[in-house]
Amino acid sequence: MEKPPSPEPDQPSHNHQTLAGNMAYYSWFDEASIQDMNCFVKTITGIKSKGIRPDLIGSIIAHYASKWLPDLSGNVSATTAPPPPPPPPTESVTCSVMKKRFFVETLTGILPPEKDSVPCNFLLRLLRTAKMVGANQNYLTELENRVSWQLDQASLKELMIPSFSHTCGTLLDVELVTRVVKKFAGLDCEGVKTGAALVKVAKLVDSYLAEAAIDGCLTLPEFISLIKALPSHARTTEDGLYRAIDTYLKAHPKVLKQERKELCRLIDSRKLSPEAALHAAQNDRLPVRAIIRVLFTEQTKLSRHIDWSDSSVSSSTRSPTNPSVSHYFEPGSGARCLSKREMNVQQAEIKRLRDDVLRLQSECGAMHMQMERLMEKKSGSGSKGFFRWKRLGLVPTIRGSVGVEKMMNGEEEVGEGFQPRTPGNMKTRLVKGRITPSRWRKSMS
20 MEKPPSPEPD QPSHNHQTLA GNMAYYSWFD EASIQDMNCF VKTITGIKSK
70 GIRPDLIGSI IAHYASKWLP DLSGNVSATT APPPPPPPPT ESVTCSVMKK
120 RFFVETLTGI LPPEKDSVPC NFLLRLLRTA KMVGANQNYL TELENRVSWQ
170 LDQASLKELM IPSFSHTCGT LLDVELVTRV VKKFAGLDCE GVKTGAALVK
220 VAKLVDSYLA EAAIDGCLTL PEFISLIKAL PSHARTTEDG LYRAIDTYLK
270 AHPKVLKQER KELCRLIDSR KLSPEAALHA AQNDRLPVRA IIRVLFTEQT
320 KLSRHIDWSD SSVSSSTRSP TNPSVSHYFE PGSGARCLSK REMNVQQAEI
370 KRLRDDVLRL QSECGAMHMQ MERLMEKKSG SGSKGFFRWK RLGLVPTIRG
420 SVGVEKMMNG EEEVGEGFQP RTPGNMKTRL VKGRITPSRW RKSMS
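According to the numbering used here, the sequence shown is numbered sequentially starting from 20.
So this is what it looks like as structure tokens:
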């Protein structure tokens, strides 16, 4: 008796030739070659010998790894996809870890050596998994070197690798990130470390510092070592670094005063934005010297802006009839008159700067009043406080100083105030002097 035919018709052989492109490669790897790791390695070696582009080989390896090890996938769809079949019940945890270690080390060994052949985020996920399963140190060093080549392409989420060591007390592996950043800063190869890449890495490191500073177990030397891993010219703005240092001081209130000074010396106040400088001037966690440095820098910036604005306005409002500046308005010269819109912008800028100066002056006056009250409390009563003010070169009021000088010279105030010396006043004083005789003349003896 013959077997009845299957209800599903056989697919023609020519349909296999129509599956071209990436989907064909991926479906082929999913169904056939990835059943065995050795078969996959042989397949990748054969593809490399054919001269396929390294980025295509890297994408194949990344897809293969994310298919059979979901920890290496950064896509949301991959994490929500059904997990691979669980290991047999007889398989122990140690055996599963050994398989993952072999898997990670094999993938690291077949990665293309060219730069940008594998995404940096995939390398970071592979490094995290390698640290988790305890891979060989040679493979860890290789992954760290490859990550340092492409650190400007990394994201903060993937860079936050947890610490799997029992000897490390921090939640994040700060030492690993410090080594990677130092390797990136030490690269001198052409095309690897550029100015734009250095700025990106500086922003990434500042964001990582702000996240790592929350950890109460993070020591100050580790924090400072990561800050100094990049050169000072890498940061175009110090706002991110200031935010990280402020977060560290908030999370570590027991930091000594000398350590606070050492930490705040790493901030370049000239690179702070006005908002960050205003926050720093009102921050009680910063040392007084750091606050004074920020205020002095902002005052210098304001004075420079005001001088520049005044000079630009004065040069733009000169009369063309003035012979000393008539060459600015010659038709052959390259200069031109400012438009109404540009003048309005400059006037608005000048007004804003003047408001800032007035605000700083008011704050300075308030500080002087507070200093005066503190000095009055400390000095007590009498002329002791006056001599202290005189030693500082600050006299509170003119009337008070005149009164003190009169008391020192033995004179009494009549209550006339500051009257002009006219002949009438002089005569009145002489008459008063004659009317009031001495007491001994009234005696009867």
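Using N, Cα and C, we set each Cβ at its ideal position, and we do this for glycine too.
Taking the DSSP output, what are the residues bridged to proline 181?
Translated into positions along the sequence shown, residue 181 becomes position 162. Leu191, per the DSSP bridge assignment.
Could you tell me whether the region 166-183 touches the region 136-150, using the rule of 3 or more Cβ pairs below 8 Å?
Between the region 166-183 and the region 136-150, the count of C-beta pairs closer than 8 Å reaches three or more; the two stretches touch.
Rank Ala204, Glu241 and Phe242 by C-alpha distance to the C-alpha of lysine 219 and give the top, closest one.
As a working note, residue 219 is residue 200 in the sequence shown. Of the listed residues, the one whose Cα sits closest to lysine 219 is Ala204.
Residue closest to alanine 263, alpha-carbon to alpha-carbon, out of Asn363, Gln277 and Cys283
One-based indexing of the sequence shown puts residue 263 at position 244. Among Asn363, Gln277 and Cys283, the Cα nearest to that of alanine 263 is on Cys283.
Taking the C-alpha atoms as reference points, what is the distance between methionine 151 and tryptophan 87?
Counted from its first residue, the sequence shown places residue 151 at position 132. Counted from its first residue, the sequence shown places residue 87 at position 68. Answer to the nearest angstrom: the Cα atoms are 17 Å apart.
C-beta atoms of glycine 77 and proline 132 nearer than 8 Å
Within the sequence shown, numbered from 1, the residue matching residue 77 stands at position 58. Within the sequence shown, numbered from 1, the residue matching residue 132 stands at position 113. Glycine 77 is not a Cβ neighbour of proline 132, given a cutoff of 8 Å.
Which whole-angstrom value describes the C-beta separation of leucine 239 and glutamate 278, a residue pair presumed to lie in contact below a C-beta threshold of 8 Å?
Stepping through the sequence shown from its first residue, residue 239 is reached at position 220. Stepping through the sequence shown from its first residue, residue 278 is reached at position 259. About 6 Å; that satisfies the 8 Å criterion.
Arginine 378, buried or exposed, once every other Cβ within 10 Å from all chains shown has been counted against 16
Against the sequence shown, residue 378 aligns to sequence position 359. By the neighbour-count rule (16 or more Cβ atoms within 10 Å), arginine 378 is not buried but exposed.
For threonine 113, the three-state DSSP class (helix, strand or coil):
The sequence position of residue 113 within the sequence shown is 94, counting from 1. Three-state DSSP puts threonine 113 in a helix.
Under the rule that 16 or more other beta-carbon atoms within 10 Å means buried, what is lysine 370, buried or exposed?
Against the sequence shown, residue 370 aligns to sequence position 351. With fewer than 16 Cβ atoms within 10 Å of its Cβ, lysine 370 is classed as exposed.
Just to check my reading of the structure: alanine 259 and lysine 222 have Cβ atoms closer than 8 Å, yes? What is that Cβ distance to the nearest angstrom?
In the sequence shown, counting from the first residue as 1, residue 259 sits at position 240. In the sequence shown, counting from the first residue as 1, residue 222 sits at position 203. The sequence shown places glycine at residue 259, not alanine. Lysine 222 and glycine 259 do touch by the CB rule: their CB atoms are close to 6 Å apart, below 8 Å.
Can you tell me whether DSSP reads glutamate 257 as helix, strand or coil?
Mapped onto the sequence shown, residue 257 falls at position 238. Three-state DSSP puts glutamate 257 in coil, outside helix and strand.
With DSSP collapsed to three states, give me the class of leucine 285.
Position 266 of the sequence shown, counted from the first residue, corresponds to residue 285. It is coil, neither helix nor strand.
Pull up the CB-CB distance for arginine 120 and glycine 153, whole angstroms please, since I reckon it's below 8 Å.
The count along the sequence shown starts at 1 and reaches residue 120 at position 101. The count along the sequence shown starts at 1 and reaches residue 153 at position 134. For arginine 120 against glycine 153, the beta-carbon gap comes to about 7 Å, under 8 Å, which counts as contact.
Once DSSP output is grouped into helix, strand and coil, what is the label at asparagine 155?
The sequence position of residue 155 within the sequence shown is 136, counting from 1. Coil at asparagine 155, not helix or strand.
Identity of the residue in Thr255, Ala309, Lys396 and Asn155 nearest serine 292 by Cα:
Looking up residue 292 in the sequence shown gives position 273. The candidate whose alpha carbon is nearest that of serine 292 is Thr255.
Apply the 10 Å Cβ neighbour rule to glutamate 361 and answer buried if 16 or more other Cβ atoms are within range, or exposed otherwise.
If you number the sequence shown from 1, residue 361 lands on position 342. Exposed, because fewer than 16 other Cβ atoms sit within 10 Å of the Cβ of glutamate 361.
What are the start and end residues of the alpha helix (DSSP H) that includes serine 78?
Your numbering for residue 78 matches position 59 in the sequence shown. Where serine 78 is concerned, the enclosing alpha helix (DSSP H) stretches over 73-87.
Whole angstroms are fine: how far does the CA of threonine 186 sit from the CA of serine 244?
Taking the first residue of the sequence shown as 1, we reach residue 244 at position 225. Taking the first residue of the sequence shown as 1, we reach residue 186 at position 167. For serine 244 and threonine 186, the distance between alpha carbons rounds to 19 Å.
Under the three-state DSSP convention, the category serine 167 falls into
As a first step, residue 167 must be located in the sequence shown, where it is residue number 148. Helix, per DSSP.
Tell me the DSSP secondary structure of glutamate 133 in three-state form.
As a first step, residue 133 is located in the sequence shown; it is residue number 114 there, counting from the start. Of the three classes helix, strand and coil, the one that applies to glutamate 133 here is coil, per DSSP.
Any idea what DSSP makes of lysine 397, helix, strand or coil?
Translated into positions along the sequence shown, residue 397 becomes position 378. Secondary structure of lysine 397 (DSSP, three-state): helix.
Arginine 120 CB to nearest chain D CB: under 8 Å?
The displayed structure is made up of one protein chain only, and chain D is not part of it.
Inter-residue CB distance, leucine 91 and arginine 144 (contact presumed, cutoff 8 Å)
Mapped onto the sequence shown, residue 91 falls at position 72. Mapped onto the sequence shown, residue 144 falls at position 125. About 5 Å; that satisfies the 8 Å criterion.
For isoleucine 233, does the three-state DSSP call read helix, strand or coil?
Position 214 of the sequence shown, counting from 1, holds the residue named residue 233. The answer is coil: DSSP assigns isoleucine 233 none of H, G, I, E or B.
Contact under 8 Å by Cβ, isoleucine 286 with tyrosine 267
The sequence position of residue 286 within the sequence shown is 267, counting from 1. The sequence position of residue 267 within the sequence shown is 248, counting from 1. Taking a C-beta distance under 8 Å as the contact criterion, isoleucine 286 and tyrosine 267 do not qualify as a contact pair.
Tell me whether valine 200 sits in a helix, a strand or coil according to DSSP, three-state version.
In the sequence shown, residue 200 corresponds to position 181, counting from 1. Helix at valine 200.
How about serine 184 and leucine 190: do their beta carbons lie closer than 8 Å?
Within the sequence shown, numbered from 1, the residue matching residue 184 stands at position 165. Within the sequence shown, numbered from 1, the residue matching residue 190 stands at position 171. In this structure, the beta-carbon distance from serine 184 to leucine 190 does not fall below 8 Å.
Close-in-space but distant-in-sequence residues of the same chain around serine 462 (CB under 8 Å, 5 per side omitted)
As a first step, residue 462 must be located in the sequence shown, where it is residue number 443. Low confidence applies to serine 462: its pLDDT is 45, below 50, so where it sits in the model is not reliable, and the reading given next is rough at best. Here the set comprises nothing.
When DSSP labels each residue in this structure, what does proline 240 get in the three-state scheme?
Translated into the one-based positions of the sequence shown, residue 240 becomes position 221. Under the three-state reduction of DSSP output, proline 240 falls in the helix class.
When DSSP labels each residue in this structure, what does aspartate 13 get in the three-state scheme?
Beyond the ends of the chain as shown, which are 20 and 464, falls residue 13; an answer cannot be given.
Around the Cβ of leucine 126, are there at least 16 other Cβ atoms within 10 angstroms (buried) or fewer (exposed)?
As a working mapping, residue 126 is identified with position 107 in the sequence shown. Label assigned to leucine 126: buried.
Round the Cβ separation of lysine 280 and arginine 308 to the nearest angstrom and send it over; I've been treating them as touching at under 8 Å.
For the purposes of this step, residue 280 is taken as the residue at position 261 of the sequence shown. For the purposes of this step, residue 308 is taken as the residue at position 289 of the sequence shown. About 7 Å; that satisfies the 8 Å criterion.
For methionine 388 and alanine 253, I'd like the C-alpha separation in whole angstroms.
Numbered from its first residue, the sequence shown carries residue 388 at position 369. Numbered from its first residue, the sequence shown carries residue 253 at position 234. Taking the straight line joining both Cα atoms gives about 42 Å.
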